[in-house]
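The numbering used here puts the sequence shown at residues 1 to 184. Here a beta-carbon is modelled for each residue, glycine too, at the ideal position from N, C-alpha and C.
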Amino acid sequence: MRPLLACHSFCGYWIKAGNHEDVARWFCCAFEALEKECFGYEFIVREKLSLICLFLYGELKLQEDAGDGPLNQDNLRIRKMLAWIHKNFADDLTVSEIAGAADISERECLRCFQKTIQLSPIQYLLKYRVMQGAEMLSGNPAGSISEIATLCGFDSPSNFSKIFKRFYKCTPREYRNRNINGKG
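Take a look at the structure:
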């Protein structure tokens with residue numbers, strides 16, 4: 001992991017559909033082994049994740065060698081904006097506020113997000129909120145779904161459930177029940 005963590009240009013990597021089927025296959029294999037907890041699953045997960053890390057390091061090394069430079073302006077900006085989103089995700093955020101975290105215009109913010117992570121700032125925010133909600137559902141089985149929705153910045157539990165189902169293909173209650181019963 002050290003080469004990836006030391007690589008200043010690494011803040012995420014977008015694998016386009018149809019490219020690098022082996023990476024998707026490695027990820028699915030690791031996820032499946034973890035989910036089923038088959039004999040020796042820890043070794044399978046470690047092997048597949050190591051292959052993914054090696055692939056990522058190779059890709060980042062190629063980019064660096066091609067002259068992208070370790071800390072280009074978009075990477076610096078996206079890091080500032082993502083850090084700000086992660087800190088303030090529960091608040092009612094606007095694109096203007098997100099752009100302000102990197103001292104850029106809304107239009108430049110949208111361009112930077114699209115170029116770097118292929119999502120709009122609001123799509124990323126929703127995804128991050130839902131991921132935080134899933135973590136809260138797992139970590140606090142007794143907590144109310146309504147309260148978790150509010151803590152994650154959703155205006156209503158029904159909106160939280162709708163967005164959550166879009167990402168996880170199940171309701172927050174179903175997700176929690178699966179995690180309580182052992183397999184998430």
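- Taking every protein chain shown into account, the CB of Lys-36 has fewer than 16 other CB atoms within 10 angstroms, so this residue is exposed.
- The beta-carbon separation of Ser-156 and Ala-149, rounded to 7 Å, stays under the 8 Å limit for a contact.
- In the three-state reduction of the DSSP assignment, Ile-104 falls in the coil class, being assigned neither a helical nor a strand state.
- Contact between the stretch 96–111 and the stretch 75–87 is present, with at least three C-beta pairs closer than 8 Å.
- 8 Å or more divides the Cβ of Phe-89 from the Cβ of Leu-119.
- Just so you know, the alpha carbons of Gly-143 and Pro-172 end up roughly 12 Å apart.
- For His-20, there is no enclosing alpha helix (DSSP H), as DSSP marks it with neither H nor E.
- Looking only at Lys-162, Ile-122, Leu-56, the smallest Cα-Cα distance to His-20 is reached by Leu-56.
- Beyond the five residues adjoining it in sequence on each side, Ile-163 comes within less than 8 Å, by CB distance, of Leu-126, Arg-129, Val-130, Phe-154 in the same chain, given in chain order.
- Of the candidates Met-136, Leu-76, Cys-112, Ser-158, Met-136 places its Cα closest to the Cα of Leu-151.
- Excluding sequence positions up to five before and after Phe-160, its CB lies within less than 6 Å of the CB of Ala-149, Phe-154, all in the same chain and listed in chain order.
- Inside the stretch 128–181, DSSP marks whole alpha helix (DSSP H) runs of 4 or more residues at positions 145–151, 157–168, 172–180, from first to last along the chain.
- For Asn-75, the enclosing alpha helix (DSSP H) stretches over residues 73–88.
- Burial of Cys-112 is indicated by the presence of at least 16 other C-beta atoms within 10 angstroms of its C-beta.
- If you ignore the 5 residues before and after Lys-48, its C-beta comes within less than 8 Å of the C-beta of Trp-26, Phe-27, Cys-29, Ala-30, Ala-33, all in its own chain and listed in chain order.
- Within the model, the alpha-carbon separation for Gln-132 versus Asn-140 is close to 12 Å.
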